Every structure is written in C-alpha cells, then in structure tokens.
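A quick write-up on the structure given underneath.
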Amino acid sequence: MKRILSGVQPSGKPHIGNYLGAMRQHIEMQKNYECFLFIADLHALTTVREPQTLRELSIELALDYLALGLDPKKVTYFRQSDLPEHAELCWILGCITPFSVLERGHAWKDAREKQTKDPTVGLFNYPVLMAADILLYKPDLVPVGQDQKQHVEIARDIGQKFNRRFGEVFKIPEPYIRKDVATVMGTDGRKMSKSYGNTIEIFAPEKELKKQIMGIVTDSTPVEDPKDPTSCTVFNIFKYFADKKEEKELEEKYKKGGCGYGDSKIKLYEKILTYFEEPRKKRIELSMNLDYVEEVLKKGAESARAVAADTLKQVKDKVGIPTT
Ligand code: ADP
Ligand code: TRP
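First residue of the sequence shown: 14, per my numbering; consecutive thereafter.
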C-alpha cells in the first residue's frame, strides 16, 4: 500500500478551501493508502501568539477531521509537537539547506513584500520544518493545495541533497494536487485563506455561515440581465458541491437573466448546509467527548513515533551523531 503524509496548521477555523484542496482528499485517501496526517502546531506557532488559542485550535482541528470522517483506525493522526523528532530533524536538515533557497520561499517573500516588521527566523525556516515532517515518514505522496507545491519541492530538494551527500535514507515523494480544486477562491475573489479574512468556514454557526456567503463580492449586473456564471465566485463555489444537473440549472438561470446574486447566494448557503449536515451533527457529539479526541492523538503519536524515530536514527547514524 502506498503511503501519504500531510498536515494542516491549527491557525484558524478550517474553510471550504482547506476542505476541497486538502482535507477531503486526506479523508478519501484513507481507503486506499496508508495515511499519516497531523496537526501542524509547531508551524502554527509562526502566527498564533496566544497559548490558549493554540491549544484550542489544535483540538478543534482534530474535531473537524474526526467529524468529517477521518477514521483513527485507518489513519495515524497525531499532533506534530508530540514528536520531538520533527524539530530535531529540522535542525539537521537546516544544516544542508542553502540560505538562498529559503530566501526564495513564497511565504518569506510575502512577509518581506508586505514589509512585515522584522519577520521571524521561524517563518524563514518554515519550509525546513515542513521538509522534516515529510521526510521522516517516507511517504509516496503529499496531498496538498496548490499553494504548498513549492514547499513540497523544497522538501524533495533537501531530501535528494541529503541522500547524495550522506547516503540513501529518504524517499523522495511527489506532491498530489487535484487540478479542479487546486485554488478555491474566497469571498473577495482572492485565494481563500485564513489570513485574508475571506473564508467560508465549514463549521461556522448557521447565522455566521450565511453572513460569510452573503458577503461574497459580485459585480453590479442588474437582476433582470443575463450573467456570466464562469466569472462569478458564487457559481464557481456552488459547482464544487452540486451535481451536474444542479450546476446546469443554475448556469441556465444565470444566462437567462432574472436571477439575482442574492438568490444564488441563498442556494449556495443551503447547498453547503446540506453537504455538511452529517459532519456538523457529528462534530457537536464529538465535542462533548474531548477525552476521546485526546486518546486518538495519543495513540496516533505512539504509532507515528515508531516510524519517525527509526528514520531519525538512520539520519543520525549517517551524519555522525550518537543514537543512544
Ligand atoms: P490557509 O491559507 O487558509 O492558512 P493552510 O495554509 O492552513 O490554509 O492550508 C491547509 C491546506 O489547505 C493546504 O494543503 C493548502 O494547500 C490547502 N488550501 C488552503 N487554502 C486553499 C484554497 N484556497 N484552495 C485550495 N486549497 C487550499
Ligand atoms: N505548510 C502546510 C500548510 O500551511 C502545513 C504543513 C506542515 C504540511 N507540514 C506539512 C503539509 C507537511 C504537508 C506536509 O498548509
């Protein structure tokens, strides 16, 4: 069985971009792959500054995954910080990673361009920690959204460099990116992202969800005029959740005219509510049993450790660091 590995940062409430671009694939792949999935809380430290918030967001993300159907019997699901191997390998890999590669990292370049005051070393080093996350588990595939492609490529380069210099340890994985959902647009027409405040959250309370959807920016074509569905964010998001027949129906309404954006937003709201109906119920039940969630993470960490510790030992042997 081929192996996959992926992580999501607990840096905010997951949105339908996260779901379509990454989380849905993670859950689907549990059927046919050996899966390692984790809560990237060390990565989230680059942006989350409140300890209590980080703790809460981490548990909430676990709840989200379990509610969406992650089966802990099939998936090794764990919290990154429970395994010190990640940070340890990160240091070793940092010692063979050229500074210039990280200077070209898009998250770092963004921080510079936005003139973020004095960006941190953690942000600069983010791709090396991600390389450690990946290489420790020797996966075949890393399922992510388009925005993470560069990070997976950096991980591949670092892994190859290590293997060449010290001898074969790492498997070099491929990114797995579904083209149709590579970049989901947010309510303002930019890429949907927690950091832009343009998200539609999977588990927002109904009122909030409605507000987010009604806030989608549309053009000012009058209700009675024909509209172009392909350039409309509401339609483009609706497509992801609707079947072909429903998609065709809405497309025709747009083209015929007489259908306002308000109507199509309500349709989208109802569609999303129905689509996530079961997970939304399940999440409420699970949230009353947080001990279970902790137990899943504890067991996940134990299974993950068996793999991570073995890889780290091989690495230490190769570079000349004692392993006992
Ligand atoms: P965000 O940008 O909202 O902080 P993360 O960086 O936590 O999201 O991403 C978690 C996963 O979701 C990653 O695999 C990422 O590629 C994917 N993802 C995030 N935003 C989108 C989007 N708008 N479209 C498709 N995939 C996305
Ligand atoms: N950087 C990823 C994101 O923001 C999260 C992540 C951390 C990750 N480590 C990983 C994804 C390893 C895949 C593999 O979405």
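All C-beta atoms, glycine included, are put in the ideal place defined by N, C-alpha and C.
Every value quoted in this text rests on a predicted model; they were computed, and no experiment measured them.
Nearest-angstrom Cβ-Cβ length linking residue i and residue j, presumed shorter than 8 Å
{"i": "residue 42", "j": "residue 21", "result": "That pair is no contact at about 14 Å."}
{"i": "residue 2", "j": "residue 205", "result": "Residue 2 cannot be examined here, being either before or after the span of the chain that is shown, 14 to 337."}
{"i": "residue 18", "j": "residue 155", "result": "6 Å"}
{"i": "residue 281", "j": "residue 247", "result": "6 Å"}
{"i": "residue 141", "j": "residue 110", "result": "5 Å"}
Chain-order list of residues whose beta-carbon lies under 8 Å from that of residue i (same chain, five-residue window excluded)
{"i": "residue 209", "result": "199, 201, 203"}
{"i": "residue 326", "result": "336"}
{"i": "residue 289", "result": "215, 216"}
{"i": "residue 312", "result": "85"}
{"i": "residue 93", "result": "20, 51, 52, 53, 54, 55, 56, 99, 146"}
Distance cut-off 8 Å: residue i Cβ against heavy atoms of the ligand GDP
{"i": "residue 227", "result": "For the structure depicted, the ligand GDP is absent and the ligand set comprises only the ligand ADP and the ligand TRP."}
Own chain partners of residue i with C-beta closer than 6 Å, once the 5 adjacent residues on each side are dropped
{"i": "residue 151", "result": "184"}
{"i": "residue 316", "result": "89"}
{"i": "residue 70", "result": "23"}
{"i": "residue 60", "result": "24"}
{"i": "residue 87", "result": "43"}
{"i": "residue 283", "result": "none"}
{"i": "residue 116", "result": "none"}
{"i": "residue 26", "result": "214"}
{"i": "residue 260", "result": "252"}
Residue i and residue j closer than 9 Å at C-beta
{"i": "residue 57", "j": "residue 24", "result": "yes"}
{"i": "residue 138", "j": "residue 107", "result": "yes"}
{"i": "residue 119", "j": "residue 78", "result": "no"}
{"i": "residue 15", "j": "residue 47", "result": "yes"}
{"i": "residue 149", "j": "residue 324", "result": "yes"}
{"i": "residue 103", "j": "residue 168", "result": "no"}
{"i": "residue 245", "j": "residue 256", "result": "no"}
{"i": "residue 165", "j": "residue 328", "result": "no"}
{"i": "residue 295", "j": "residue 226", "result": "no"}
{"i": "residue 72", "j": "residue 332", "result": "no"}
{"i": "residue 252", "j": "residue 272", "result": "no"}
{"i": "residue 299", "j": "residue 80", "result": "yes"}
7 Å CB neighbourhood of residue i in its chain, flanking five on each side removed
{"i": "residue 211", "result": "199, 200, 201, 203, 205"}
{"i": "residue 96", "result": "314, 317, 318, 321"}
{"i": "residue 159", "result": "190, 195, 196"}
{"i": "residue 293", "result": "216"}
{"i": "residue 32", "result": "215"}
Is there contact here, the segment 166-181 with the segment 231-241, by at least three beta-carbon pairs under 8 Å?
-> no
Are at least three pairs of beta-carbons, each pair with one atom in the segment 267-280 and one in the segment 42-59, less than 8 Å apart?
-> No, because fewer than three Cβ pairs between the segment 267-280 and the segment 42-59 fall closer than 8 Å, the two stretches do not touch.
Residue ranges of each alpha helix (DSSP H) within the segment 71-119, 4 or longer = 98-107, 112-116
Quick one: any contact between the segment 209-226 and the segment 186-195, if contact means 3 or more CB pairs under 8 Å?
-> no
Would you mind listing the alpha helix (DSSP H) stretches within the segment 244-289 that are 4+ residues and don't spill past its ends, in chain order?
-> 246-254, 257-269, 274-288
Which ranges would you report for the alpha helix (DSSP H) in the segment 135-200 if only whole runs of at least 4 residues count?
-> Every alpha helix (DSSP H) of 4 residues or more that sits fully in the segment 135-200 is shown, in chain order, as 162-179.
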